[in-house]
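**Student:** Have a look at this one.
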Amino acid sequence: MISETDALAAHRAIHEGKKEVKLEDGTKLEVAKSKNGCRAVKFPKFQAMEQNKDKASAWATKAKKGVKITWFLSGTSPSTWGRVVDGAVEARGKAIEATSAAASSAAPKAEAKAGAKARAKAKAEAKAEAKAKARAKAEAKAEAKGKARAKPEAKAKSAAAKKRPAPESEAGPEAKKAKVETCAPAAEPMETTEDPLVLAPLFEGMGHGAVWRRILAPVLEAQSTAPNFIGPSRDKRIIPIRELTFQALKPNPPAQWRVVSFGQSPYPRIESATGIAHFDDNALKSWDSSSFGSVTTMRCIMKAALMSKFKIPKTTKVPELRKLLHSNGVVGPAEWFQAILSQGVLLMNAACTLRPSEGQRAGEVVQEHLIFWQPVIQAVASAILEECQKSKRSIIFAWWGAESLKTKRVLDKTVFAKFPDVKVRHIEHKNPAAMYDSFCDPPNIFDCINKAIKELKLGEPIDWAPIDGWKTTLGLDTAEEMGAFLAETQELHKASLTLIWGKLAKG
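So the mapping is simple: our numbering equals the position in the sequence shown, first residue as 1, plus 2.
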């Protein structure tokens, strides 16, 4: 951790255009531009960085309006970061030490005043937003009650008819278990002519959501059934939560992906679906977790990764895998995804949504979602290939499982044929969720991808089993930014689950 005085000094140096900052102990640190163009100061264990104005987030919007924001990126979660806004410490996290009132008064009075003003403004905005949400919720509730009173005959007919799930064109249920019960919909952002599907919240946050929104919004809005799959009034059983639908794409713009890996569909559990293929942040917190042996996909992925890097046999059991992971210093589950995304691997599903159904296999319930998402996947692939064509760069597509290969066959006719000059290497493999340890059969999927990277001259091979210190090798800026993005994903997922479970607890 650093002192508050040093944090404020770094903040001033970054935003006042200085070339270096002098710390309390006399040490001088350089103020330099990071790879994303933001001014930053590198401390021994973390870095201070100005808010990136190119991001699609509330903080970026404030920065564009002139608010001076500096993040102290300590740890992998936003809750551990420090934050200084207009010369005032707003969050210490695990970066900025608490100091006495006398020490904190060392910041210039003008900056402190500006910080207080900014906080007051933010508080007022939050209060106004809360009132707006409460008003919208009240209006929605009143509207629902009005509809209930206006249609008693319809209600009677519904009770007499054979019970069945509501059609997907209607708002889905809020249910405690698997029963379908009608209730007033939760307040959602208002639809507008500019954003009829209320897509804006789905592309906000860290990363490059704004870029992908420009590409995908027209495609989504052109589909007549889009409200059933992605609209704010869709069936509430559909996963993942709306705000996480395009989380897989946000880490990079089309030009920065090296490997595009397609799985089948989201985990069929809302507590596991994060919008990033294979990333189940609730079930698997560490390799020591008992769930490591039962989460089939990640167990098979990590076994194949260790087979590639350390040449272990396929027969290696879970206890031996754990020992190997620890003895070699392989990073934990969340950081593993951070490292893979940082190396330019897109982890996406051919179907971005799914409505789980008890008693049915995933392949049976995913078909209508696969069909709906095909035009979107075509747009994603086209955007990536277009950038490859511009830069005369190759690309790798990895297809995991039979369902993803159906998407490949569609893209062969609709997308890949349009870019004959782009070298595309297709690597087909088994789906770990369906085929279990057969995913580890030769040829090793990760060996195949790295071989293709070398042959296509796409840079360094992917480290599929990254160890402590990988951030320094790859580049601290890229790694920290991806860590921040992933942490934001986790916190959004957690907050949404808390809200959903809270509603269920209340009945």
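For each residue, glycine too, the CB sits at the ideal point set by N, CA and C.
What residue does the alpha helix (DSSP H) around Trp-375 start on, and which one ends it?
**Tutor:** Element bounds for Trp-375: 369-393.
**Student:** How long is the line joining the alpha carbons of Asn-351 and Gly-89, rounded to whole angstroms?
**Tutor:** Taking the straight line joining both Cα atoms gives about 43 Å.
**Student:** So what's Phe-511 in DSSP terms, helix, strand or just coil?
**Tutor:** Coverage of the chain is limited to positions 3 through 509, which leaves residue 511 absent and any answer about it impossible.
**Student:** Pick helix, strand or coil for Ile-4, following the three-state DSSP scheme.
**Tutor:** Note: Ile-4 maps to strand in three-state DSSP.
**Student:** Is the stretch 272-292 in contact with the stretch 315-334, if contact means three or more CB pairs nearer than 8 Å?
**Tutor:** Result yes; three or more Cβ-Cβ pairs closer than 8 Å.
**Student:** Should the stretch 423-435 be regarded as contacting the stretch 481-492, the criterion being three or more beta carbon pairs within less than 8 Å?
**Tutor:** Touching, no.
**Student:** At which residues does the alpha helix (DSSP H) containing His-210 begin and terminate?
**Tutor:** Neither: His-210 is in no alpha helix (DSSP H) and is coded neither H nor E.
**Student:** When you compare only the Cα positions, how much space is there between Gly-233 and Lys-415?
**Tutor:** Those two C-alpha atoms are separated by around 29 Å.
**Student:** Given Val-43, which residues of its chain have a CB within under 7 Å of its CB, disregarding the five upstream and five downstream residues?
**Tutor:** Excluding residues within five positions, the ones whose Cβ falls inside 7 Å are Ala-12, Ala-15, Ile-16, Val-23, Leu-31, Val-33, Gln-49 and Ala-50.
**Student:** Between Pro-46, Val-262 and Cys-40, which lies nearest to Ala-53 when the distance is taken from Cα to Cα?
**Tutor:** Going by the sequence as given, residue 53 is Gln instead of Ala. With distances taken between Cα atoms, Gln-53 lies closest to Cys-40.
**Student:** Taking Cβ positions, are Lys-252 and Gly-211 nearer each other than 8 Å?
**Tutor:** Closer than 8 Å, so yes.
**Student:** So, does the stretch 441-458 touch the stretch 239-253, judging by three or more C-beta pairs under 8 Å?
**Tutor:** Contact between the stretch 441-458 and the stretch 239-253 is absent, because fewer than three Cβ pairs lie under 8 Å.
**Student:** May I have a chain-ordered list of the beta strand (DSSP E) segments no shorter than 3 residues that lie completely inside the stretch 328-358?
**Tutor:** As far as the stretch 328-358 is concerned, its whole beta strand (DSSP E) runs of at least 3 residues are 347-351.
**Student:** For Gly-295, does the three-state DSSP call read helix, strand or coil?
**Tutor:** It is helical.
**Student:** Does the distance from the C-beta atom of Asp-439 to that of Cys-302 stay below 8 Å?
**Tutor:** In this structure, Cys-302 lies closer than 8 Å to Asp-439 by Cβ.
**Student:** Under 8 Å: do the stretch 482-489 and the stretch 220-235 share three or more Cβ pairs, one atom per stretch?
**Tutor:** Short answer: they don't touch.
**Student:** Phe-248 lies in the beta strand (DSSP E); which residues open and close that run?
**Tutor:** No beta strand (DSSP E) contains Phe-248, which DSSP labels as neither H nor E.
**Student:** If you draw a straight line from the C-alpha of Ile-386 to the C-alpha of Ala-400, how long is it?
**Tutor:** For Ile-386 and Ala-400, the distance between alpha carbons rounds to 14 Å.
**Student:** When you compare only the Cα positions, how much space is there between Thr-475 and Thr-29?
**Tutor:** Whole-angstrom Cα-Cα distance: 25 Å.
**Student:** What residues in its chain sit with their C-beta under 7 Å from that of Gly-346, if we drop five residues either side in the sequence?
**Tutor:** Asn-254, Gln-258, Trp-259, Arg-260 and Val-261, listed in sequence order.
**Student:** How many Å lie between Asp-530 and Gly-207 at the Cα?
**Tutor:** Residue numbering for the chain in the displayed model covers 3 to 509; residue 530 lies beyond these limits and cannot be assessed.
**Student:** For Leu-201, collect the residues of the same chain with a Cβ closer than 6 Å to its Cβ; drop the 5 residues on either side in sequence, then sort them by chain order.
**Tutor:** These residues qualify, in order along the chain: Ala-219.
**Student:** Could you give the DSSP three-state label for Glu-482: helix, strand or coil?
**Tutor:** Glu-482: helix per DSSP, three-state reduction.
**Student:** If Gln-380 sits next to Val-424, beta carbons under 8 Å apart, how far is it from one beta carbon to the other, in whole angstroms?
**Tutor:** Rounded, the Cβ-Cβ distance is 15 Å, inconsistent with contact.
**Student:** Let me make sure I understand the geometry here. Which of Lys-473, Lys-20, Arg-357 and Ile-272 has the alpha-carbon closest to that of Ser-498?
**Tutor:** That would be Ile-272, whose Cα lies nearest to the Cα of Ser-498.
**Student:** Considering Trp-466, what are the terminal residues of the alpha helix (DSSP H) in which it resides?
**Tutor:** Neither: Trp-466 is in no alpha helix (DSSP H) and is coded neither H nor E.
**Student:** Please work out which residues of its chain come closer than 6 Å, Cβ to Cβ, to Ile-455, disregarding the five sequence neighbours upstream and downstream, and give them in chain order.
**Tutor:** Within the same chain, Ile-455 has close Cβ partners Pro-463.
**Student:** Under 8 Å between the Cβ atoms of Glu-223 and Leu-199?
**Tutor:** Yes. Within cutoff.
**Student:** Can you tell me whether DSSP reads Ala-279 as helix, strand or coil?
**Tutor:** Three-state DSSP puts Ala-279 in coil, outside helix and strand.
**Student:** Sorted by chain position, which residues of the same chain lie with C-beta nearer than 8 Å to Ala-335's C-beta, five sequence neighbours on each side aside?
**Tutor:** According to the sequence as given, residue 335 is Pro; it is not Ala. If we look at Pro-335 and ignore the five residues flanking it on each side, its Cβ neighbours are Asp-283, Leu-286, Lys-287, Ser-288, Trp-289 and Met-300.
**Student:** Which one of Trp-61, Gly-95, Ala-435 and Glu-405 has the shortest CA to CA distance from Val-297?
**Tutor:** Checked all of Trp-61, Gly-95, Ala-435 and Glu-405; the closest Cα to Val-297 is Ala-435.
**Student:** Under 8 Å by Cβ, that's how I've got Glu-92 and Met-3 pegged, so tell me the actual separation to the nearest angstrom.
**Tutor:** Between Met-3 and Glu-92 the Cβ distance is about 16 Å, and since that is not below 8 Å, they are no contact.
**Student:** When we look at the beta-carbon of Glu-18 and count the other beta-carbons within 10 Å, is it buried (16 or more) or exposed?
**Tutor:** So Glu-18 ends up on the exposed side.
**Student:** So, at 7 Å on beta carbons, what are the nonlocal neighbours of Ala-467 in its own chain, with the 5 sequence-adjacent residues on each side left out?
**Tutor:** Counting only Cβ-Cβ distances below 7 Å, and skipping sequence neighbours, we find Ala-307, Leu-308, Lys-311 and Val-332.
**Student:** According to DSSP, which residues form a beta bridge with Arg-427?
**Tutor:** According to DSSP, Arg-427 bridges with Ile-398.
**Student:** Per DSSP, Thr-72 is paired with what?
**Tutor:** Beta-bridge pairing links Thr-72 to Glu-52 and Val-86.
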